[in-house]
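Structure first, then comments.
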Amino acid sequence: MFSYYGGKRNFIKKYPNPPQDVTIIVEPFAGSCSYIVHHMEEEDDREFIGIESSKLLHKTYRFLQDCDEEEISTMELRMGKTIEDDFPDLNKRAFASLQSQVGCAHLYESKTVTEWGLKQWPSRRNHIVRSLPKTKRVKIIEGNCFDYFDQLDSPTTLWFIDPPYTGIAGSHYRSGLDHEKLAEQVKKLEGYVVVCGNENDKYLPFEYLFDSRCYRGKKLQEWIYKQRM
Ligand SMILES: C[S@@+](CC[C@H](N)C(=O)[O-])C[C@H]1O[C@@H](n2cnc3c(N)ncnc32)[C@H](O)[C@@H]1O
Numbered sequence: 000m001f002s003y004y005g006g007k008r009n010f011i012k013k014y015p016n017p018p019q020d021v022t023i024i025v026e027p028f029a030g031s032c033s034y035i036v037h038h039m040e041e042e043d044d045r046e047f048i049g050i051e052s053s054k055l056l057h058k059t060y061r062f063l064q065d066c067d068e069e070e071i072s073t074m075e076l077r078m079g080k081t082i083e084d085d086f087p088d089l090n091k092r093a094f095a096s097l098q099s100q101v102g103c104a105h106l107y108e109s110k111t112v113t114e115w116g117l118k119q120w121p122s123r124r125n126h127i128v129r130s131l132p133k134t135k136r137v138k139i140i141e142g143n144c145f146d147y148f149d150q151l152d153s154p155t156t157l158w159f160i161d162p163p164y165t166g167i168a169g170s171h172y173r174s175g176l177d178h179e180k181l182a183e184q185v186k187k188l189e190g191y192v193v194v195c196g197n198e199n200d201k202y203l204p205f206e207y208l209f210d211s212r213c214y215r216g217k218k219l220q221e222w223i224y225k226q227r228m
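Counting in numbering that gives the first Met the number 0, the sequence shown runs from 0 upward without gaps.
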């Protein structure tokens, strides 16, 4: 959909593919829905659902689901101007604000375009345009995912669960997520389950998956927990 902190876009191929009989793919911590966007095919009868609690992202999805390719292709970000002046429409402003930020999960509206955001914009914009047809086919639920697990679960549901990590890595989201509660919920699911974590996450029996990138000289690892996969 768009570049997003914590998004799995660049290494989504390392996660298991959906089994053949899956009819619904749900990302309960939607962000930019990297797993769904990667696996959605042109002719695809499956249902695709993202659940997200961030109000900034809700406005962003609404903008993307209503706009056309032309609107994104011609959209410019400008340094030295406030985003508020350039984008009077609230949903477009939220989207611009998210794209103007440095690569961290500051899920509040920023007022100015950062140099970093400006530099990234042309390549980000290309990706957003390319994935727009898929973005428009995702059903977004604005809310707390815990309210939807029971309703959407079935033996043919695939849950791709990418929550804020425990500790400092997930703290930027300020979501106050109760990971133990998530673990209990996950164990009750009938569907196929993938949960993303890192080496510090202990609330489920995670296994090492791959080294993702280097941060301040330290290799960051991605770990995974699976059910029925
Ligand atoms: C690590 S990011 C997910 C990134 C996503 N996999 C992607 O490809 O972009 C976690 C997301 O979960 C959202 N979130 C946190 N708590 C939530 C909750 N209880 N219900 C729904 N979304 C939540 C955060 O706002 C954040 O966007």
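Built from N, CA and C at the ideal position, the CB exists for glycine as well.
CA nearest to the CA of residue i, picked from the options
i      : options                           : result
Phe10  : Val137, Arg212 and Phe94          : Arg212
Arg294 : Ser52, Val36 and Leu208           : As displayed, the chain neither begins before 0 nor continues past 228, which places residue 294 out of reach and without an answer.
Thr22  : Leu151, Asp88 and Ile50           : Leu151
Ile71  : Val128, Val185, Trp158 and Lys13  : Val128
Glu183 : Tyr207, Asp149, Leu208 and Thr155 : Asp149
Lys138 : Ile82, Gln64, Val192 and Met228   : Gln64
Gly175 : Val185, Pro163 and Glu206         : Pro163
Gly196 : Gln226, Lys187 and Thr165         : Thr165
Asp67  : Val185, Pro132, Glu40 and Asp146  : Pro132
DSSP bridge partner residues for residue i (one or two, in chain order)
i      : result
Cys195 : Ile223
Arg212 : Leu219
Phe159 : Val193
Phe47  : Ile24
Tyr207 : Trp222
Lys138 : Ile48
Other residues of its chain near residue i: CB distance less than 6 Å, five sequence neighbours each side excluded
i      : result
Cys144 : Pro27 and Ile50
Met78  : Val112 and Leu117
Ser33  : Gly6, Lys7, Arg8 and Ile11
Glu114 : none
Thr134 : Met0 and Leu63
Ile48  : Val25 and Lys138
Tyr60  : Ile139
CB contact flag (residue i, residue j, <8 Å)
i      : j      : result
Ala93  : Leu55  : yes
Leu219 : Pro17  : no
Lys110 : Glu83  : yes
Ser153 : Glu179 : no
Ser230 : Arg136 : No statement about residue 230 is possible, as the shown extent of the chain runs from 0 to 228 and does not include it.
Val194 : Met228 : no
Asp20  : Thr155 : yes
Gly30  : Asp161 : yes
Cβ neighbours of residue i in the same chain (closer than 7 Å, five flanking residues each side left out)
i      : result
Gly142 : Ile50 and Ser52
Leu234 : Beyond the ends of the chain as shown, which are 0 and 228, falls residue 234; an answer cannot be given.
Sequence-distant residues of its chain with Cβ nearer than 8 Å to residue i (five each side left out)
i     : result
Asp88 : Phe62
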